[in-house]
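The structure under discussion appears below in the form of structure tokens.
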Amino acid sequence: MKLTIAPEGYQLAIDMIKLGFRKNVILSEIPAISPRMYGCLRNDSGIDNEDNDFTLGRLRKISTILANQHDKRSATDFLHVYLMTAQDPENRLQIEELVGAYKAYRHLFNVHCGFFDDPLKKHIIDPNLAWQIATNYRNGIIGLTGCFECRQKYTYLTHESEDSCNMKCPYCSESKENEFINNKGE
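Those letters in the sequence shown? Residues 1355 to 1540, per the numbering used here, in order.
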């Protein structure tokens, strides 16, 4: 089958497949690709059908993700990288910018994690969650707010800003828990 797609779109689709983006995300963000073309691109990328099982199933709700402090911190880290690289993230989602931001985000973790089984790597978000975060930020569902104690900015749900769990800082709340555990042992 001969593909009729621009070289930029072809390379972007291959990169997205290799990173682990879901088929539906790729098809919705690159309209020039049909489901049939996706199969050919997947073969061109060298990924078997058995690989990337994490792209199956339902996406987690953003409210569930932000309820967990570790996930909230990881989401915040990605959102900071995305906001630094994207030109107008409040009004539009450019998939090229999102893929670039996700690559930069992964690179930051890979630079600081020397080994594949480093415990820090389990906190890297997957590309589908990165897409979800960028989409929810553009739609105003999530935003950034600052902590009064540690002055760090973190991600929160804008429609649940009265909820104390939603407004709990993932940076200083963990350090307070560690401080409590350390003081308890004395």
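For each residue, glycine too, the CB sits at the ideal point set by N, CA and C. Predicted, not measured: the structure shown is a model, and the values here were computed from it.
By the three-class DSSP mapping on this structure, what secondary structure does residue i have?
| i | result |
| --- | --- |
| residue 1454 | helix |
| residue 1374 | coil |
| residue 1411 | coil |
| residue 1426 | helix |
| residue 1507 | strand |
| residue 1310 | Residue numbering for the chain in the displayed model covers 1355 to 1540; residue 1310 lies beyond these limits and cannot be assessed. |
| residue 1366 | helix |
| residue 1488 | helix |
| residue 1460 | helix |
| residue 1523 | coil |
| residue 1480 | coil |
| residue 1529 | With a pLDDT of 49 at residue 1529, under the threshold of 50, the modelled position of this residue cannot be trusted; read the value that follows with caution. If DSSP states are grouped into helix, strand and coil, residue 1529 belongs with the helices. |
| residue 1445 | coil |
| residue 1397 | helix |
| residue 1615 | The structure shown does not extend to residue 1615, since the chain spans only 1355 to 1540, so no value can be given for it. |
| residue 1440 | coil |
Write down the C-beta distance between residue i and residue j rounded to the nearest angstrom, noting that I regard them as a contact closer than 8 angstroms.
| i | j | result |
| --- | --- | --- |
| residue 1524 | residue 1418 | The pair is not a contact, with the Cβ atoms about 15 angstroms apart (cut-off 8 angstroms). |
| residue 1451 | residue 1458 | That pair is no contact at about 10 angstroms. |
| residue 1496 | residue 1401 | With 8 angstroms as the limit, residue 1496 and residue 1401 do not qualify as a contact, their Cβ atoms being about 30 angstroms apart. |
| residue 1411 | residue 1384 | Wrong, their Cβ atoms sit about 22 angstroms apart, outside the cutoff. |
Under 7 angstroms Cβ to Cβ from residue i, same chain only, skipping five residues before and after it: list those, please.
| i | result |
| --- | --- |
| residue 1460 | 1478 |
| residue 1424 | 1477 |
| residue 1399 | 1368, 1371, 1372 |
| residue 1379 | 1482, 1485 |
| residue 1381 | 1387, 1389, 1392 |
| residue 1413 | 1482, 1486 |
| residue 1444 | 1492 |
Compare the C-beta of residue i with all C-beta atoms of chain E and state if any pair is closer than 7 angstroms.
| i | result |
| --- | --- |
| residue 1363 | Of the protein chains in this structure there is only one, and it is not chain E. |
According to DSSP, residue i sits in a beta bridge with which residue or residues?
| i | result |
| --- | --- |
| residue 1498 | 1509 |
Ignore the nearest five residues each way along the sequence and tell me which others in residue i's own chain have a CB closer than 8 angstroms to its CB.
| i | result |
| --- | --- |
| residue 1513 | 1495 |
| residue 1501 | 1507, 1508, 1523, 1525, 1526 |
| residue 1446 | 1492 |
| residue 1420 | 1426, 1429, 1496, 1509, 1510, 1511, 1520 |
| residue 1366 | 1384, 1449, 1450, 1453 |
Quick one: residues in its chain with C-beta nearer than 6 angstroms to the C-beta of residue i, no 5 flanking neighbours on either side, listed in chain order?
| i | result |
| --- | --- |
| residue 1428 | 1477, 1479 |
| residue 1541 | Because the chain spans 1355 through 1540 in this model, residue 1541 falls outside it and cannot be assessed. |
| residue 1396 | 1371 |
| residue 1490 | 1416, 1496 |
| residue 1488 | 1436, 1447, 1452 |
| residue 1433 | 1487, 1509 |
| residue 1503 | 1526 |
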